[in-house]
Every structure is written in structure tokens, then in C-alpha cells.
Amino acid sequence: MIKNIKACIFDLDGTLVDSMWMWPEIDKEYLGRFGIEYDDNLKNEIDGISFHETAVYFKNKFGISDSIEKICKDWEDMAYDKYKNEVKEKRGCQKFLEQLKSKGIKMGIATSNKRSMVDVVLESLGMKNFFDVITTSDEVKKGKPAPDVYLTTANLLNVEPKHCLVFEDVVAGIIAGKSAGMKVCAVEDDFTREVRQRKKELSDYYIDDYSELL
């Protein structure tokens, strides 16, 4: 899988860390403050788009009067504690990162999450030092499924897209990686089990967890 690969670029939520479970909980609690009922289809509508883009979507879809900045801040406050104390790494993840580091393969993160959330969970799990570059969708023109966040990360790593391998757990992210001209390994996650077959069709490789790669 890593033959001719000079850099591995990882999505964060559902790929490096087991955190996708918490976002529907936050969405339900947040919408509940406004007397709005959560719809399970919502997660498919916001898959892959940036934190800021999601806030804009919520404001427009649900007619929320709060500013985009306040919506983002409220979500940050709700997520911070969970990232610091509850979120765990995906099985075999750190050992795989150690293996990549020993082979001299560069590593980056390309995520739709906010920088502050990325920092707190990586520091909590002791994983931050593995990564040479961290790029968020808020730092590029378009979030996933556009390729911007992956292309920017590859550029910062100084590695051509064709020599990059992406690890992703959602369809929008897999499309983003492929659109960037990179190989993509899809990662199993309970949150996206209903689109497992679609993930397998779109990606070059598929793993249940990182222990398969050790």
C-alpha cells in the first residue's frame, strides 16, 4: 500500500480518532435549545464541509438568529470537553504512525474540524508530534468533497499528490482525496456503516482498523 508513497495525509474524526459519535449528540443538544428536532439525515447533508460552512448551513436551514461566530463558539464549547476527556484513537493508529515515522514518510492532517479541536484531541492522545502539517477546511476556499484541503496539505509537505496516500472515513473525504489525484484508503467507522459499500467502490484500499497494516 505504501510503495512509492512519500506522504500519508489523514482526516481526523472517524479516521485517526473515534469521535464521530459525539457530533450527532452535540447537534441534537444544540438544536434542542431552539426547540428544533434532530433529523438523522442531517449528518449526510453536512459530511465533510468545514466547521464554518456547517454553521452557515445550520443558520440558513433552521433560521437560527445567532451569528455564525456564536454558533461556532457554542459548538466549540460543547465539543472541547469530549475531545479532551472522552475521545480515543482508532485501533492500532499510534503504532501505525510510529511505523510510518520510522520509514521516513511525511504525515499531515486534512480535516473539516476547527484547529482548536484538532489541537486538544491530538495533545490529549499524545499524537501531535507525528504530524508535519495540519490543515483545516476553514483555511482553504472550499471544504470536502472539493480537493482543496488535501492539495494544500500536500503542497505544505512538499510532496506531489501522486505520491500521497489519504486515509478517510466519509464519502465526501474519499472523493476529495481522489479529486486531488491521490490514492485513498477508506477506514471503517460505525458512523458510516450504511455507506460502507460506496466507500469501498470509491477508494483504492479499505481497512477495518490500522492493526491490519502493522
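In this text, residue positions in the sequence shown follow the UniProt record's numbering: the first is 1, and each later residue adds one.
We treat Cβ as the ideally placed atom computed from N, Cα and C, and that holds for glycine.
May I ask you to report which of helix, strand or coil DSSP gives residue i?
i: Tyr205; result: strand
i: Val56; result: helix
i: Thr192; result: helix
i: Lys167; result: Lys is not the amino acid found at residue 167; the sequence shown has Phe there. Phe167: strand per DSSP, three-state reduction.
i: Asp77; result: helix
i: Ala154; result: helix
i: Phe62; result: helix
i: Met22; result: helix
i: Glu69; result: helix
i: Lys183; result: strand
i: Gly104; result: coil
i: Ile46; result: helix
Please list, in chain order, all residues of the same chain as residue i whose beta carbon is under 7 Å from its beta carbon, the five residues on each side excluded.
i: Ile71; result: Ala55, Phe58, Lys59, Ile64
i: Leu157; result: Ala7, Lys106, Gly108, Asp132, Val133
i: Asp208; result: Glu188
i: Met20; result: Asp13, Gly14, Asp189, Phe191
i: Lys162; result: Gly181
i: Leu214; result: Gly92, Lys95, Phe96, Gln99
Under 8 Å, do residue i and residue j count as touching if we go by C-beta distance?
i: Gly143; j: Ile49; result: yes
i: Lys199; j: Ala180; result: no
i: Asp169; j: Thr192; result: yes
i: Lys178; j: Leu202; result: yes
i: Thr136; j: Asn113; result: yes
i: Met127; j: Leu100; result: no
i: Met78; j: Tyr30; result: yes
i: Val195; j: Val171; result: yes
i: Tyr205; j: Gly92; result: no
For residue i, which residues of its own chain have a beta-carbon under 6 Å away from its beta-carbon, when the five flanking residues on both sides are left out?
i: Glu89; result: Val17, Leu125
Please name the residue or residues paired with residue i in a DSSP beta bridge.
i: Ala172; result: According to DSSP, Ala172 bridges with nothing at all.
Apart from the five residues on each side of it in sequence, which residues of its chain come closer than 8 Å, Cβ to Cβ, to residue i?
i: Tyr80; result: Ser116, Met117, Val120
i: Glu76; result: Lys114, Ser116, Met117
i: Ile5; result: Ile105, His163, Cys164, Leu165, Lys183
i: Phe34; result: Phe62, Ile64
* **Unbroken stretches of the alpha helix (DSSP H), 4 residues or longer, contained in the region 114-148** => 115-125
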